[in-house]
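*Asks:*
Residue numbers (our numbering): 4 to 158.
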């Protein structure tokens, strides 16, 4: 009787573990990274340019020029597929040669899609950007602004 009770509890534990494993398999995992060196900041995150082939996106911000560049990596060849560019100095209404302080990171906004969050601390503005497929059907991606707002009053 005692042996039967142990077997029942072991089987019950296996069933609970199996149910837990099935429930956890639909939780998406995301891997992204950020790094900076002198006047450059780089971040990565998934970009959905085709429903058949999710790709990795690379964001590169050049402080001196105020340019944000973005590209996707071809899954099959491992090559960079063109660069899209956005003038953040214009986006954030920054005067020429102003001492700027950008910070940025990526986050997940949907299945296989990340957003780039860019804040400029002297203006108090924050923008949300995504990359998506080019409307002309060519290889690569375009940068789309999703939102731009104040997170505090400018200095």
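Built from N, CA and C at the ideal position, the CB exists for glycine as well.
Between residue 148 and the rest of its own chain, which residues show a CB-CB distance below 8 Å, the 5 nearest in sequence each way excluded?
*Replies:* Taken in chain order, the residues that qualify are 89, 94, 130, 131 and 132.
*Asks:* Ends of the alpha helix (DSSP H) at residue 93?
*Replies:* 91-94
*Asks:* For residue 91, I'd like the list of residues in its chain whose CB is within less than 6 Å of its CB, leaving aside the five on either flank, ordered along the chain.
*Replies:* 69 and 71
*Asks:* For residue 123, report the span of its beta strand (DSSP E) as first-last.
*Replies:* Bounds of the beta strand (DSSP E) holding residue 123 are 116-123.
*Asks:* At what residues does the beta strand (DSSP E) containing residue 101 begin and finish?
*Replies:* Segment: none, residue 101 is in no beta strand (DSSP E) and carries neither H nor E.
*Asks:* Short of 7 Å in beta carbon distance, which residues of its chain neighbour residue 57, apart from the five on each side in sequence? Order them along the chain.
*Replies:* 49, 51 and 115
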